[in-house]
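Residue numbering for the sequence shown follows our numbering, beginning at 71 and increasing consecutively.
Some notes on the structure that comes next.
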Amino acid sequence: MEFTRLGRTGLKVSRLGLGCMSYGDAAAGMHQWTLDEDAAAPFFRQAVELGVTFWDTANVYQAGTSEEFVGRAINRFSRREDIVLATKVSGMMHDGPGGSGLSRKAVLEQADASLRRLGTDYIDVYYIHRFDPGTPVEETMRALDDLVRAGKVRYLGASSMWAWQFAKLQHTAAMNGWTTFSAMQDQYNVLKREEERETIPMCLDQGVGLTPYSPLAKGRATRPWGLQTGRSSSDDVAKAFDRDADEPVVNAIQKVAEGRGVAMAQVALAWVLSKPVVSCPIVGATKPHHLNDAVASLALDLTEDEIAELEAPYQPQDNYWW
71 MEFTRLGRTG LKVSRLGLGC MSYGDAAAGM HQWTLDEDAA APFFRQAVEL
121 GVTFWDTANV YQAGTSEEFV GRAINRFSRR EDIVLATKVS GMMHDGPGGS
171 GLSRKAVLEQ ADASLRRLGT DYIDVYYIHR FDPGTPVEET MRALDDLVRA
221 GKVRYLGASS MWAWQFAKLQ HTAAMNGWTT FSAMQDQYNV LKREEERETI
271 PMCLDQGVGL TPYSPLAKGR ATRPWGLQTG RSSSDDVAKA FDRDADEPVV
321 NAIQKVAEGR GVAMAQVALA WVLSKPVVSC PIVGATKPHH LNDAVASLAL
371 DLTEDEIAEL EAPYQPQDNY WW
């Protein structure tokens with residue numbers, strides 16, 4: 071495993087992160103394809119064995135059960151001090167003023183609830199899951215700073231919003247001497263590149279490390295065009311990747327992979343890793359080869375010509391924030 075710094079911080083993170091949305095009680099809502107705790111256990115063990123020590127979850131993943139699985143897995147397969155643990159706040163957890171959003175009440179309440187489910191007394195990277203237009207940014211950033219000062223959170227991150235919203239949050243924190251964001255978790259892969267217009271240049275300028283989700287485009291970048299899986303056929307989010315304009319990009323991935331004699335997933339992830347703004351892509355794993363392919367991608371250095379071949383067919387598209 072390779073390690074790097076999260077943006078300009080001193081925090082060392084594994085070059086790959088384990089995405090834990092795949093693990094949780096399927097009966098709790100959100101997704102029907104998630105793995106229960108027994109089925110998820112081998113992937114936590116495999117992550118530890120491979121050196122994947124950045125684990126990413128969220129309070130809304132399967133109504134908090136993902137956090138519970140993650141917390142118990144840390145104790146079972148590793149040590150708390152060896153894992154860089156990330157979770158998120160904003161989505162709906164329950165009705166009432168503290169159940170969602172980024173008000174002071176919600177941020178403080180949900181942080182404490184996540185800590186209980188995770189079975190820990192601190193979160194390494196705490197993300198706001200989306201921008202909350204109904205709460206003043208001063209209120210949100212002050213509440214997040216209070217969590218850092220209280221020792222409950224080490225670093226702050228944000229996820230998927232307009233660049234101007236991210237800039238407003240960052241400026242408000244800096245202006246008041248509060249903790250700024252060190253990480254941005256947005257959707258970024260060879261099929262979804264709109265973030266290159268504004269958000270990614272801003273992150274580069276401010277030293278914010280990208281921890282992109284869906285680096286394999288919900289699996290679309292890992293198999294020849296037209297092939298489906300059980301998840302891709304049933305997941306409404308994954309279906310959003312069914313654009314005719316993406317076919318030439320997928321074909322380019324397949325061509326480069328065949329030329330290299332490697333899996334398409336390795337090529338798609340190597341493309342993401344080639345971008346200097348990227349600290350740690352978040353990789354979901356529900357089959358043993360998923361993490362093996364991800365780790366193998368670290369040794370795959372794409373040439374400039376291969377990168378150009380992968381990028382040439384891309385066509386601009388509407389915004390996408392799932």
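Just so it is clear, CB atoms sit at the ideal spot from N, CA and C, and this is done for glycine as well.
Here the alpha carbons of V207 and T281 stand approximately 23 Å from one another. Within the model, the alpha-carbon separation for S136 versus L188 is close to 9 Å. S284 has no beta-bridge partner at all, per DSSP.
Between the alpha carbons of D215 and S184 lies a distance of about 17 Å. For R75, the uninterrupted beta strand (DSSP E) run begins and ends at 73-75, by DSSP. Collapsing the DSSP output to three states places Y384 in coil. Residues of the same chain with a CB within less than 8 Å of the CB of V342, apart from the 5 flanking positions on each side, are Y258, N259, V260, P282, P285, V348, P351 in chain order. Take the alpha-carbon of T127 and the one of I198: they are about 12 Å apart.
M71 counts as exposed, since fewer than 16 other C-beta atoms from the protein chains shown sit within 10 angstroms of its C-beta.
Between the segment 263-280 and the segment 380-392 there are three or more C-beta pairs closer than 8 Å, enough to call the two in contact.
Going by C-alpha positions, R293 is about 16 Å away from P358. Within the segment 76-124, the alpha helix (DSSP H) runs of at least 4 residues that lie entirely inside it are, in chain order, 107-120.
Under DSSP, T157 shares a beta bridge with Y196.
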